[in-house]
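According to numbering that gives the first Met the number 0, the sequence shown is numbered sequentially starting from 0. Positions of the beta carbon are idealized from the N, C-alpha and C atoms, including for glycine.
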Amino acid sequence: MDEPADGAGWHFHYLSHDKTQGGHILGLSADELSARLNKVERFELTLPTNPEFAARDLCEDLSAKTAAVEGVKK
């Protein structure tokens, strides 16, 4: 797998003030904004242990599906 698990390349996430919504920022414009970089010292990912996940092709090219979900036009 050549791409990181969270998607290829640099990208930004958002988190609402009340922390009930969040996700990838797909585009933005603003007169003024602020951003923070979060240095992560440790990251732990727990994967499912069910048979469906074990049988999943983790090398599948998901770029077309990702583009469709994110509304990216190629």
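**Message:** So if DSSP puts Gly-21 in a beta bridge, which residue, or which two residues, is it bridged to?
**Reply:** For this step, residue 21 is matched to residue 22 along the sequence shown. DSSP lists Leu-14 as partners of Gly-21.
**Message:** Please state the DSSP three-state secondary structure of Phe-52.
**Reply:** Stepping through the sequence shown from its first residue, residue 52 is reached at position 53. Of the three classes helix, strand and coil, the one that applies to Phe-52 here is helix, per DSSP.
**Check whether His-12 and Glu-69 have beta carbons under 8 angstroms apart** = Here residue 12 refers to the residue found at position 13 of the sequence shown. Here residue 69 refers to the residue found at position 70 of the sequence shown. No; because the gap between Cβ atoms is not below 8 angstroms, this pair is not in contact.
**Beta-carbon proximity of Gly-21 to Leu-14, cut-off 8 angstroms** = As a position in the sequence shown, residue 21 is number 22, starting the count at 1. As a position in the sequence shown, residue 14 is number 15, starting the count at 1. In contact: Gly-21 and Leu-14 (Cβ atoms closer than 8 angstroms).
**Prompt:** Is Phe-52 closer than 8 angstroms to Leu-61 when the C-beta atoms are compared?
**Reply:** Sequence index remark: in the sequence shown, residue 61 carries index 62 (1-based). Sequence index remark: in the sequence shown, residue 52 carries index 53 (1-based). Taking 8 angstroms as the cut-off, the beta carbon of Leu-61 is found no closer than this to the beta carbon of Phe-52.
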